[in-house]
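Take a look at the structure below.
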Amino acid sequence: MRNLKVTKAIGSCESNHRKYTYRVKGQGKYWSEAGAEGMLRILTCIKNRDLEQWLNIDFEAGKLISLDHKKLLAATRDSLKRRHEIHVGIQHGALIAEVVGGKLFS
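When you line the sequence shown up against numbering that gives the first Met the number 0, it's residues 0 to 105, in that order.
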């Protein structure tokens with residue numbers, strides 16, 4: 000087994016990755032590096048049961064912005080909207096093939 004010194008610890012690593020892979024991977028999911036880092040940090044804190052402590056350290060009471068219910072809903076809706084991606088669209092054209100004898104085949 001690849002000459003690893005500690006073989007008992009491998010099983011715990013293999014079984015603990017599921018929580019991360021099920022949440023982070025999936026059809027059509029794409030993460031920026033910062034977004035993936037944040038998601039993995041949150042999942043790790045939940046797993047270690049220290050999310051509340053981590054949030055209290057990172058967000059001091061004086062730095063939080065309080066939003067009323069309507070502004071919070073509007074901010075949530077805005078963050079979930081898909082942004083329009085500019086694209087070229089359909090390119091129209093034709094393929095023309097020349098055959099032996101000089102005739103065109105289209």
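C-beta atoms are modelled at their ideal positions from N, C-alpha and C, and glycine is treated no differently.
The DSSP-derived three-state label of residue 53 is helix. The alpha-carbon separation between residue 43 and residue 30 amounts to approximately 17 Å. Taking 8 Å as the cut-off, the beta carbon of residue 23 is found no closer than this to the beta carbon of residue 33.
Cβ-Cβ distances below 7 Å link residue 53 to 44 in the same chain, with the five nearest sequence neighbours on each side left out; the list follows chain order. Going by DSSP, residue 39 is part of the alpha helix (DSSP H) stretching over 32-47. Assignment of residue 23 by DSSP, reduced to helix, strand and coil, places it in the helix class.
Taking C-beta atoms as the reference points, residue 56 and residue 50 fail to come closer than 8 Å.
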